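So the structure is just underneath, and the comments pick up after that.
Number of protein chains: 2
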Amino acid sequence: MTSPDPARRGTAALLLAMGFRALTDRFHELLRAEGYEPLRPAHGFIFRLLEEHGELTATQLGAHLELTRQAATRLAVELEQWGYLSRAPHPRDRRATVLALTARGRDYVAHADALWARIEREWAALAGEQAVTAAKTAVAAYVEQAAGEGVPSLRPVW
Amino acid sequence: MTSPDPARRGTAALLLAMGFRALTDRFHELLRAEGYEPLRPAHGFIFRLLEEHGELTATQLGAHLELTRQAATRLAVELEQWGYLSRAPHPRDRRATVLALTARGRDYVAHADALWARIEREWAALAGEQAVTAAKTAVAAYVEQAAGEGVPSLRPVW
DNA sequence: CGATCCGGGCAACCTGGTTGACTATCTCGT
DNA sequence: ACGAGATAGTCAACCAGGTTGCCCGGATCG
Chain Z
1 MTSPDPARRG
11 TAALLLAMGF
21 RALTDRFHEL
31 LRAEGYEPLR
41 PAHGFIFRLL
51 EEHGELTATQ
61 LGAHLELTRQ
71 AATRLAVELE
81 QWGYLSRAPH
91 PRDRRATVLA
101 LTARGRDYVA
111 HADALWARIE
121 REWAALAGEQ
131 AVTAAKTAVA
141 AYVEQAAGEG
151 VPSLRPVW
Chain P
1 MTSPDPARRG
11 TAALLLAMGF
21 RALTDRFHEL
31 LRAEGYEPLR
41 PAHGFIFRLL
51 EEHGELTATQ
61 LGAHLELTRQ
71 AATRLAVELE
81 QWGYLSRAPH
91 PRDRRATVLA
101 LTARGRDYVA
111 HADALWARIE
121 REWAALAGEQ
131 AVTAAKTAVA
141 AYVEQAAGEG
151 VPSLRPVW
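Here's what the structure looks like:
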């Protein structure tokens with residue numbers, strides 16, 4: 001599939017999909033080059049959620065990611081095995097398990113943030129600083145409107 | 001996951017993913033409202049390839065979609081069962097099967113194109129005509145550069 | 001207290017892809 | 001002319017990443 005003419009109507013979704021793929025490919029390329037395990041986007045979102053909320057249970061994680069508890073738990077267990085997060089008993093509720101980033105996890109997040117910023121600078125160098133900002137703003141406008149009250153969905157329907 | 005501040009660095013990929021998701025959700029919503037079966041993006045890409053190239057074999061399809069021939073065949077069989085494409089023996093090569101859109105398939109494609117154009121107009125009404133064009137151009141620039149000589153990838157890594 | 005709700009784990013299953021093996025047919029070099 | 005190797009397709013087994021259903025034990029509230 002060749003990249004569509006951006007002036008042509010109706011190719012927006014296609015372009016966004018290709019853009020997402022190209023950016024994440026670049027991200028993994030850089031990550032791998034530095035010896036980091038290239039985790040999948042789902043893991044990255046767990047990192048961001050934990051960074052934002054501090055500590056969460058698997059159930060809360062699942063709700064944020066639009067995943068079942070079971071799926072969220074499995075991702076969390078994977079990350080624990082890699083040493084990126086810790087699972088500890090909840091201090092007040094003995095049913096629950098509290099997930100939190102380890103130092104290694106926070107390091108990974110910081111590094112990932114730096115890489116994303118770098119990739120975005122690469123994009124800006126190519127397409128122009130304002131063009132990239134305008135693109136992000138335009139997409140954000142649609143996403144916000146589409147999400148309405150709710151939370152915008154992440155995972156692509158494929 | 002709340003929609004990130006578009007000015008913040010490092011959220012570009014996230015935004016593109018959410019944008020793609022929001023646009024395809026809208027597409028499926030419209031399609032369903034009119035009684036069309038909401039096929040998945042992969043089916044849509046087969047339609048576009050067949051429209052562009054006329055006729056293809058499953059193997060060629062697989063190559064374009066970055067899929068094994070087995071996976072491509074399965075998608076084609078599904079579409080045949082829905083009546084959107086025909087599978088006929090190749091006139092010169094008795095090993096091969098030629099895939100082509102049926103009238104029903106061409107109708108679906110035409111309708112899908114109209115819907116995508118409509119969705120893009122909705123986006124333009126929200127974010128501004130030039131902003132949307134600029135966004136598409138900026139994304140296309142990155143995709144093209146990233147693809148280099150090759151063909152840009154479609155399917156998101158998740 | 002007891003009924004019910006909720007977090008989590010286990011097992012079975014589903015979907016959409018992959019790999020590997022096999023057959024039938026085509027192609028090309030000698 | 002023909003045999004070797006490439007190629008189109010199919011079938012079967014497997015795998016990854018999700019889901020649903022069920023169960024347990026701890027919380028909560030009448």
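Those sequence lines, one after another, are chains Z and P. Residues 1 to 158 (the UniProt record's numbering) are what the first sequence spells out, left to right. Residues 1 to 158 (the UniProt record's numbering) are what the second sequence spells out, left to right. Note that the Cβ used here is the ideal one computed from N, Cα and C, for glycine as well. A quick note: this is a predicted structure, and the numbers were derived from the prediction, not measured.
The beta carbons of Ala12/P and Lys136/Z sit about 6 Å from each other, so the pair counts as a contact at 8 Å. Taken in chain order, the complete beta strand (DSSP E) segments of 3 residues or longer contained in the UniProt domain "HTH marR-type" (9 to 148) of chain P are 85 to 89 and 97 to 101.
When Cβ-Cβ separations below 7 Å define contact, Trp158/P makes contact with chain Z. With its beta carbon at least 7 Å from every one in chain Z, Thr59/P lies outside the interface. Contact with chain P is absent for Phe47/Z, since none of that chain's Cβ atoms lies less than 7 Å from the residue's Cβ. Under the Cβ distance rule, Tyr108/Z does not count among the residues neighbouring chain P, no pair being separated by less than 7 Å. Taking all protein chains in view, the Cβ of Pro156/Z is crowded by 16 or more other Cβ atoms within 10 Å, so the residue is classified as buried. A straight-line Cα-Cα distance of about 23 Å links Ala7/Z and Ala42/P. At a C-beta separation below 8 Å, Val132/Z has these neighbours in chain P: Ala12 and Ala138. Under the 7 Å criterion on CB atoms, Glu55/P is classed as non-interfacial with respect to chain Z. Within chain P, the residues Leu126 have their CB atoms less than 8 Å from the CB of Gln145/Z, given in chain order.
Of the residues assessed, Gly83/Z falls on the exposed side of the cut-off, its CB having fewer than 16 other CB atoms within 10 angstroms. Pairing Glu55/Z with Leu99/Z, the inter-Cα distance amounts to about 6 Å. Arg9, Gly10, Thr11, Ala12, Ala13, Leu14, Leu15, Leu16, Ala17, Met18, Gly19, Phe20, Arg21, Ala22, Leu23, Thr24, Asp25, Arg26, Phe27, His28, Arg40, Pro41 and Ala42: these are the residues of the stretch 9 to 42 of chain P whose beta carbon lies less than 8 Å from some beta carbon of chain Z, given in chain order.
Below the 9 Å Cβ cutoff, chain P contributes no neighbours of Glu51/Z, its closest Cβ being approximately 12 Å away. Within chain Z, no C-beta atom comes less than 7 Å from the C-beta of Arg74/P; the nearest is roughly 15 Å away. A Cβ-Cβ separation of about 17 Å leaves Arg40/P out of contact with Leu154/Z under the 8 Å criterion. Taken atom to atom, the span from the alpha-carbon of Glu34/P to that of Arg87/Z is near 48 Å. Put simply, the CB of Tyr142/P is near chain Z, with a gap under 7 Å to one of its CB atoms.
Cβ-Cβ separation between Tyr108/Z and Tyr36/Z: approximately 7 Å, consistent with a contact (criterion under 8 Å). Contact between Arg26/P and Ala146/Z holds, with the beta-carbon distance rounding to 7 Å and staying under 8 Å. Taking C-alpha positions only, Ala131/P is separated from Ala138/P by approximately 10 Å. By the criterion of a C-beta distance shorter than 8 Å, Ala58/Z is surrounded in its chain by Arg69, Ala72, Thr73, Ala76, Thr97 and Leu99, once the five residues flanking it on both sides are discounted.
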